[in-house]
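**Q** Mind looking over this structure? Questions follow.
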Amino acid sequence: EITSILMFLFGSLPGFAITFLLVKLLAFAGVYFFGKDHLEINSDNKGILILVSVLFACLPFFVIHGLSVAGIPLLLWAFFNILKGQKYKASYFVLTLFVLWSNFVLVGVHVILCLGLLSLFYCFKEKKIQYRLFLALGFILVLYIISNYMLFYMHYFNPAYHTSRGEMDKLLGLNFKGVLGGTFKTFFTGDYSTANYFGFLLIPFILCAVYFYIKGRKNELNFKIAATVFIVYALAC
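With our numbering, the residue at position 128 of the sequence shown is 131, and numbering never jumps.
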């Protein structure tokens with residue numbers, strides 16, 4: 004993992020500081036480039052875009068996990084580049100960086116599922132198979148398998164292996180209702196490592212933007228910004 008390499012090269016404290024700085028910069032860049040290239044926020048509203056990018060970069064990421072959360076806007080930027088047939092080299096570099104610097108268990112499965120659903124959506128919307136998107140998804144999956152080969156080996160090919168969390172999972176008794184409730188709770192209050200209460204402030208803001216949009220007082224830019232803030236915050240939780 005890139006975090007481990009940085010700590011090996013520079014030592015624990017400097018390596019963590021460099022990780023922290025890089026993660027924050029990439030978080031900012033992801034929101035900024037996504038807004039500029041795919042939300043088409045023009046130069047007249049550049050200040051708002053920079054502000055939203057800074058706000059996202061300032062979220063209390065658990066940076067030891069690299070780009071697991073902070074890199075999602077950058078990943079979406081690359082995904083929509085591929086959809087449009089643009090900037091292939093930069094986009095595949097971002098895909099590679101994200102996979103190698105993110106946690107497969109925490110975010111990888113969800114990323115593959117969400118991007119897969121988005122790919123299917125655009126297949127139906129454009130009425131043609133989006134080969135470029137499925138190729139990118141295959142690339143992500145194969146790279147995750149290669150970079151986490153020991154995880155797959157221990158869980159699926161080594162019958163003697165027992166995870167330390169096995170008993171914990173049994174005690175938790177996880178079910179769909181519990182997971183759904185935990186999701187809403189996390190959205191509004193965060194968790195033990197990133198506690199926050201911005202969800203209570205964010206919901207009225209989003210509802211107002213949707214209300215004015217539906218009522219015909221259409222401001223495409225404000226609606227796009229509101230939707231982006233909502234999605235980014237939800238992913239960060």
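Quick reminder that beta carbons are idealized off the backbone N, C-alpha and C, glycines included.
Near Val97, which residues of its chain fall below 6 Å by C-beta distance, leaving aside the five closest residues on each side in sequence?
**A** Taking the sequence shown and counting its residues from 1, the one referred to as residue 97 is at position 94. Leu77 and Ala81, listed in sequence order.
**Q** Would you identify the three-state DSSP class for Cys61, choosing helix, strand or coil?
**A** Residue numbering aside, residue 61 sits at position 58 when the sequence shown is read from its first letter. Cys61 falls in the coil class under three-state DSSP.
**Q** I'd like the span of the alpha helix (DSSP H) that includes Trp104, first residue to last.
**A** Within the sequence shown, the letter at position 101 stands for residue 104. First-last for Trp104: undefined, no H or E at that position.
**Q** Is the number of C-beta pairs between the stretch 84 to 103 and the stretch 140 to 147 that are closer than 8 Å three or more?
**A** The answer is yes - the stretch 140 to 147 touches the stretch 84 to 103, with three or more Cβ pairs under 8 Å.
**Q** Could you check what DSSP says for Glu129 in three-state terms: helix, strand or coil?
**A** Position 126 of the sequence shown, counting from 1, holds the residue named residue 129. It is helical.
**Q** Residues in the same chain with beta-carbon distance under 8 Å from Gly119, minus the five sequence neighbours each way, listed in chain order, please.
**A** What you label residue 119 is simply residue 116 of the sequence shown in a count that begins at 1. The answer, listed in chain order, is Leu140.
**Q** Output needed for Leu29: all residues of its chain with C-beta closer than 7 Å, excluding positions within five of it in sequence on either side, in chain order.
**A** Against the sequence shown, residue 29 aligns to sequence position 26. So the qualifying residues of the chain are Leu70, Ala73, Gly74 and Leu77.
**Q** Just the Cα atoms here: how many angstroms apart are Gly14 and Tyr125?
**A** Locating residue 14 in the sequence shown gives position 11, counting from the first residue. Locating residue 125 in the sequence shown gives position 122, counting from the first residue. If I take the Cα positions, the gap works out to 45 Å.
**Q** Identify the continuous alpha helix (DSSP H) that holds Lys39 and give its terminal residues.
**A** Taking the first residue of the sequence shown as 1, we reach residue 39 at position 36. Where Lys39 is concerned, the enclosing alpha helix (DSSP H) stretches over Ser15 to Asp40.
**Q** Identify, in the order they occur along the chain, each residue of the same chain with its Cβ nearer than 6 Å to the Cβ of Phe37, setting aside the five sequence neighbours on each side.
**A** As a working note, residue 37 is residue 34 in the sequence shown. Excluding positions up to five away in sequence, the list reads Pro76, Leu79 and Trp80.
**Q** Could you give the distance in angstroms between the alpha-carbon of Leu136 and the alpha-carbon of Ser94?
**A** Sequence index remark: in the sequence shown, residue 136 carries index 133 (1-based). Sequence index remark: in the sequence shown, residue 94 carries index 91 (1-based). If you take the alpha carbons of Leu136 and Ser94, they lie about 12 Å apart.
**Q** So, at 6 Å on beta carbons, what are the nonlocal neighbours of Lys84 in its own chain, with the 5 sequence-adjacent residues on each side left out?
**A** Translated into positions along the sequence shown, residue 84 becomes position 81. Residue identity differs from the one stated: residue 84 is Asn in this sequence, not Lys. So the list reads Lys90 and Ser94, once near-sequence residues are dropped.
**Q** For Val102, which residues from the same chain have a beta carbon less than 7 Å from its beta carbon, with the 5 sequence-adjacent residues on both sides left out?
**A** Taking the first residue of the sequence shown as position 1, residue 102 is located at position 99. These residues qualify, in order along the chain: Ile143, Leu146, Tyr147 and Ser150.
**Q** Mind checking whether Val26 and Ser56 have CB atoms under 9 Å apart?
**A** The residue given as residue 26 occupies position 23 in the sequence shown. The residue given as residue 56 occupies position 53 in the sequence shown. The answer is no: Cβ separation not under 9 Å.
**Q** So which of Asn45, Leu54 and Trp104 has the shortest CA-CA distance to Val66?
**A** Stepping through the sequence shown from its first residue, residue 66 is reached at position 63. When each option's Cα is compared against that of Val66, the closest is Trp104.
**Q** Does DSSP put Ile85 in a helix, in a strand, or in coil?
**A** One-based indexing of the sequence shown puts residue 85 at position 82. Note: Ile85 maps to helix in three-state DSSP.
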